[in-house]
Amino acid sequence: MAQRILRVDMDDLKVKEEKVPDKYKNLGGRALTSQIVADEVPPRAHPLGPKNKLVFAPGIVTGTGSPNSGRLSAGGKSPLTGGIKESNAGTPFARGIARKGIKAIIVEGKAEKDKYYLLKLDESGGELVDAREWLGKGLYQAFQELHEEFGENIEIAGAGIAAEMGASNAGIAYTDPEGMSSRYSGRGGLGAVMASRGLKFVMAEEPEDNNVEIKDEETFKEGKKKLAKALAEHDVTKKDGALYTYGTSVLVNIINESGGLPQRNFSTGSDDMSAEVSGEKKAEEIKKRGGVESHKCSPSCIIKCSEIWTKEDGEDPVGVLEYESVWALGPNCGIYDLDTIGELNRACNDLGLDTIEMGNTIAVAMEGGLLDFGDGERALELMDEIRDKTSLGRILANGTEFTGKAFGVDRIPTVKGQAMPAYDPRPIKGIGVTYATTPMGADHTAGYAIAPEIMGVGGKADPFDTKKGELSKGLQQATAAIDSSGYCLFIAFATMDIDEGMEGVVDTVNGVLGTDFSVEDVMKFGQQVLETEREFNKKAGFSKEDDRLPEFMKEEKLPPHDVVFDVPDEEIDSVWTD
Amino acid sequence: MSKKVKIKLFAQISELAGRKELELEGEDVKDLLESLVEEKKALGEVIFKDEEHTELREDIIILKAGRNINYLKGLETEVKEGDKISVFPVVGGG
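So the protein lines, in turn, are chains C and A. For the first sequence, my numbering gives the first residue as 39, with consecutive numbering after it. For the second sequence, my numbering gives the first residue as 333, with consecutive numbering after it.
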């Protein structure tokens, strides 16, 4: 079966199949969603209006069975940033649509007011079915009911209660291998783009035949071997390595010790209590309670950085507690208890909210006096305000800047309207340059300078050194390419250090596409994606003045190192001008 | 004069050592790591590349007062009374 694009017209409620145009043939994942958005969405379109579009695209190797190839991109114009957004997720849903031979799903138009639909993908395209019975329901329950009605093997993408309100922090939830709503295209409010089209769910049953075409099997097999070897070898990605044993929360202690783990709305970079919510503590607890250590988010993963967190009695699984979620809902809110964090995470998953943005929102609300830092109980009550769609709930569901403004806060840790992740840029300058310059808004995965700056992986860089333009640029280029490939970004820990690993990635891509890319082409490919995104943002009204960190981070010294963010503007701008 | 310094161990390093924290004495980071290996023999080959303890392994991160010793004076980095040394294996995440 040839690959095809599905165009879902929410005005006519029709699903049309289209041939893949030549210009999209060698694109996938982020490269494809960003290109389609750039080609079809007017940059000044209202993000919730009829001219915005939501694009799903699996990566180039997604569904092939290559190790760690379970990723999917969702893209559109972001209601949170007002710029272009790609939000990458690891989920069996990715393979579900890739194996149907679907290159991309473009959701456009807008259904009638108060009408919501479920898109059931089938062999000939798909059909739109009334989904109003699931309005106002939590996603854990909705996913369960969808499985009961449509079968245990279906994979789901869903917009939750927050999305129904058009909230700027609404993410898109996906099934994990257990069928729970714990995987996310979290950042940037794409859930609101989905729901504002009138689309609640997309469902795919994985087909019996794998329709992912591999043009050159030999080259693909070679590449798969090389990549698997590199992943098994590297300290970060290997079995019994740090990610396997402790999950991403293994970062809590090292970032805390480095003085860069933001506490209580970015007011200090370290706190002794942080150890209470570390990866080591989490692993200890999971051992005691049951739950699952070393879990994978999608079938082909061999790194297994995920886990399943439960309540103390081993019941009521939440899903993974990522480093970012633990930090945002934890230390950044002055909360140092994994069970409270687990419940806040559960609420985010259930309501369809990005945890990083939600944690920052609560922290800013704490600073604004709505509740005290550390008050986990009240924070949970605020999540119920969102569930009940109250006015306060609507404020909070719209993210950090919106909430900060409502409560008169002047210390807002955002760039381009998106809240910062779990690394303070003042003592870790390179990640700050990434936050400032990526087209995505404050985003750590976009150019993960933490690897060279803190871990010594993919190079070695002093986190206090301000010359970071080149470092951030290189990482952003490589990342844009990996985000398009269908591979999990964590392969980069291995491929940045082990040349054969990167060769393996390129071989598998060439194997699938029948192309002849070299390792050198990877950076060029990434640069192309970034230029497409920057061009969109420019037309949407962004300029270099938006590539800046918040004022307070340039003035206020962060303890314990007592540093400000002092990377000169010229150095920041060199990312895009050099 | 030897300075009393707190050594904090993390992830697999603390599992191997059977503890998370200890107090040791030394002039510089090399002294302290050698004392650490004296106390916890199992850490010897996890921290140092060689038996003479002249080189650190590539997959070890050592912080002194929150700063990576690679950007201070490496193993020769001096310590003050009450300083904190943090020892990590190479970790990753997002």
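Glycine included, each C-beta is placed from N, C-alpha and C at the ideal position.
Here Lys396 of chain A has Val361, Leu404, Thr409, Val411, Asp415 and Ile417 as same chain residues with Cβ atoms under 7 Å from its own Cβ, once five neighbours each way along the sequence are excluded. Note that the C-beta distance between Arg302 of chain C and Gly407 of chain C is not below 7 Å.
If you draw a straight line from the Cα of Leu375 of chain A to the Cα of Ala516 of chain C, it is about 36 Å long. When C-beta atoms of the region 315-335 of chain C are compared with those of the region 245-259 of chain C, fewer than three pairs fall below 8 Å, so the two segments do not count as touching.
Against chain C, the CB of Ala343 of chain A has a partner CB under 7 Å away; the residue lies at that interface. A contact is defined here as three or more CB-CB pairs under 8 Å, and the region 330-346 of chain C meets this definition with respect to the region 523-537 of chain C. Note that the region 175-188 of chain C touches the region 215-223 of chain C; at least 3 beta-carbon pairs, one per stretch, sit closer than 8 Å.
Distances from the CA of Gly397 of chain C to each of C:Thr428, C:Ser429 and C:Tyr361 were compared; the closest alpha carbon is that of C:Tyr361. Pro451 of chain C is classed as buried because its beta carbon has at least 16 other beta carbons within 10 Å across all chains shown. Bridge partners of Thr306 of chain C according to DSSP: C:Gln301. Rounded to the nearest whole angstrom, the C-alpha separation of Gly470 of chain C and Leu359 of chain C is 24 Å. Inter-residue distance for Glu190 of chain C and Cys335 of chain C is about 17 Å (C-alpha atoms, whole angstroms).
Counting only residues of its own chain and dropping the five nearest sequence neighbours on each side, Gly163 of chain C has a CB closer than 8 Å to the CB of Leu44, Val53, Lys54 and Glu55. Listed in chain order, the non-local C-beta contacts of Ala169 of chain C below 7 Å within the same chain comprise Tyr154, Tyr155, Leu156, Lys238 and Phe239, local neighbours out to five positions each way being set aside.
Taking 7 Å as the cut-off, the beta carbon of Gly357 of chain C is found no closer than this to the beta carbon of Ala197 of chain C. The beta carbon of Asn291 of chain C falls within 7 Å of a beta carbon belonging to chain A, placing the residue at that interface.
Secondary structure note for Ala401 of chain C: its alpha helix (DSSP H) is the uninterrupted segment Thr393 to Glu405.
Shown here, Lys338 of chain A sits in a strand according to DSSP, grouped into three states. Counting only Cβ-Cβ distances below 7 Å, Asp415 of chain A has no contacts in chain C at all, with the closest Cβ about 12 Å away.
Here the alpha carbons of Gly87 of chain C and Asp500 of chain C stand approximately 45 Å from one another.
In the three-state reduction of the DSSP assignment, Asp47 of chain C falls in the strand class.
Of all residues in the region 130-161 of chain C, none is placed with a Cβ closer than 8 Å to any Cβ belonging to chain A. Exposed is the label assigned to Thr615 of chain C, since fewer than 16 other Cβ atoms lie within 10 Å of its Cβ.
Contact between Lys506 of chain C and Val605 of chain C is confirmed by a C-beta separation of about 6 Å, below the 8 Å threshold.
Under DSSP, Phe94 of chain C forms a beta bridge with C:Ala112 and C:Ile143. A residue is called buried when at least 16 other Cβ atoms come within 10 angstroms of its Cβ; Thr378 of chain C meets this threshold and is buried. Contact of Phe380 of chain A with chain C is not assigned, every C-beta pair being separated by 7 Å or more. Around the C-beta of His272 of chain C, 16 or more other C-beta atoms lie within 10 Å, and the residue is accordingly described as buried.
Leu395, Gly398, Asn402 and Tyr403: these are the residues of the region 394-409 of chain A whose beta carbon lies less than 7 Å from some beta carbon of chain C, given in chain order.
In the structure shown, the three-state DSSP call for Phe555 of chain C is coil.
Between Ala95 of chain C and Ala132 of chain C, the CB-CB gap reaches or exceeds 7 Å. With three or more CB-CB distances shorter than 8 Å, the region 230-237 of chain C counts as touching the region 196-210 of chain C. Residue burial annotation: Arg351 of chain A is exposed, with fewer than 16 other C-beta atoms found within 10 angstroms of its C-beta. Residue nearest to Thr504 of chain C within the set C:Val601, C:Pro81, C:Ala136 and C:Pro597 is C:Val601 (criterion: CA-CA distance). Within a 10 Å sphere around the beta-carbon of Gln179 of chain C sit fewer than 16 other beta-carbons, which makes this residue exposed.
Counting only Cβ-Cβ distances below 7 Å, Tyr284 of chain C has contacts in chain A at Ala343, in chain order.
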